[in-house]
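Heads up: the sequence shown at position 22 corresponds to 22 in full-length UniProt numbering, and the numbers run straight through without jumps.
Shown next, in structure tokens, is the structure this report addresses.
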Amino acid sequence: MKISNIDTERKKRCGIPEIIFGEKDSKDLVKIIKEILNNDDSVIITRLDKTKNEKILNELNKKNINFKFKYNERGRVLTIYKGKSDGTKEIEIVGKIGIITAGTSDINVAEEAKETALQLGCEVAEEYDVGIAGLYRAINAVEKMKKSNVRCIIVIAGMEGALPSVISGLTNIPVIAVPTSVGYGTGEKGLAAIMTMLNSCTSVAVMNIDNGFGAAVMAYKILRINKKNNTKTKVIV
């Protein structure tokens with residue numbers, strides 16, 4: 001039974017490779033990973049919990065897959081790649097993005113965004129736990145982002161979801177808002193946050209609830225289309 005239909009031309013067509021959503025059966029994931037690696041030198045798998053990651057790596061090691069692995073446990077992102085002996089690979093760097101979270105509870109989504117962005121070719125500056133309960137923290141975070149010369153900021157928040165609007169009101173840098181499912185009762189697992197962001201008067205782009213991956217892809221595309229050079233830079237992965 002054919003379980004997948006790999007889109008080998010996606011990178012040429014869309015600017016990013018096919019990236020695997022990890023909430024599948026482990027055996028199916030191994031088959032899909034092997035198929036992609038027959039055509040490419042790396043693959044990214046998102047939403048992959050620690051237990052499933054260990055199962056997949058064990059299966060791939062049994063099959064003597066000659067690739068290197070990097071797993072971001074908090075972000076649940078696995079990257080499999082052909083690397084150099086010093087653990088590096090060449091990635092075309094398109095620029096720097098910023099990632100800001102309202103709370104520590106939002107960091108899992110932020111790490112998904114961060115790891116995805118790094119593997120696609122973005123440098124990342126992050127400022128975590130700078131929510132509006134202490135407004136000075138958000139102001140300081142924006143100033144640090146400006147000094148870091150970021151070209152896009154991903155702002156991640158649960159609860160009432162106000163932080164992206166505040167950040168967008170403090171800078172001319174494009175803001176991508178990501179609501180999270182963090183919160184209480186009437187927060188409805190992120191519904192309150194996404195409604196706040198969709199109704200922002202400071203003009204932010206809004207992703208779906210907990211979609212750090214989607215925010216990273218959009219940020220990468222914004223930077224990529226404005227990239228001024230094609231130099232390749234070694235980064236440690």
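Cβ atoms here follow ideal geometry from the backbone N, Cα and C, with glycine treated the same way.
- Confirm, please, whether the CB-CB distance from cysteine 152 to isoleucine 176 is below 8 Å. yes
Exercise. Who pairs with serine 42 in a beta bridge, going by DSSP?
Worked result: Tyr81
(request) For leucine 48, collect the residues of the same chain with a Cβ closer than 6 Å to its Cβ; drop the 5 residues on either side in sequence, then sort them by chain order. (result) Gly22, Arg76, Leu78
Does lysine 227 come out as helix, strand or coil in the three-state DSSP assignment? coil
**Message:** Within a Cβ cutoff of 6 Å, which residues of the same chain sit near serine 42, ignoring the five residues on either side of it in sequence?
**Reply:** Tyr81
Query - When Lys55, Val204, Lys68 are compared against glycine 169, the one with the closest alpha-carbon - result: Val204
Measure the CB-CB distance between arginine 74 and asparagine 108 and report whether it falls below 8 Å. yes
- Message: What does the alpha-carbon distance come out to for the pair alanine 157 and threonine 171?
- Response: 18 Å
For the beta strand (DSSP E) that glutamate 90 lies in, which residues bound it at each end? 88-92
(Q) Short of 8 Å in beta carbon distance, which residues of its chain neighbour isoleucine 20, apart from the five on each side in sequence? Order them along the chain. (A) Leu29, Ile32, Ile33, Ile36, Val43, Ile44, Ile45, Thr46
Compute the beta-carbon to beta-carbon distance between glycine 187 and methionine 159, rounded to the nearest angstrom, for a pair I have assumed lies under 8 Å.
6 Å
Next item on the list: Can you grab the Cα-Cα spacing for the pair glycine 185 / methionine 197, in whole Å?
Entry: 18 Å
| query | Which residue from Pro179, Gly131, Lys114 puts its Cα closest to that of valine 124? | reply | Lys114
With H, G and I counted as helix, E and B as strand and the rest as coil, what does DSSP make of isoleucine 33? helix
Near valine 142, which residues of its chain fall below 7 Å by C-beta distance, leaving aside the five closest residues on each side in sequence? Ile167, Leu170, Thr171
* To do: Could you name each continuous alpha helix (DSSP H) segment of 4 residues or more that falls completely within the UniProt domain "PurE" (95-228), going from the start of the chain to the end?
  => 107-120, 135-147, 163-168, 191-198, 212-225
Q) Where does lysine 24 sit, in a helix, a strand or coil, going by DSSP? A) coil
Glycine 98 beta carbon less than 8 Å from that of valine 150
yes
query: Between the beta-carbon of isoleucine 154 and the beta-carbon of valine 178, is there less than 8 Å?
result: yes
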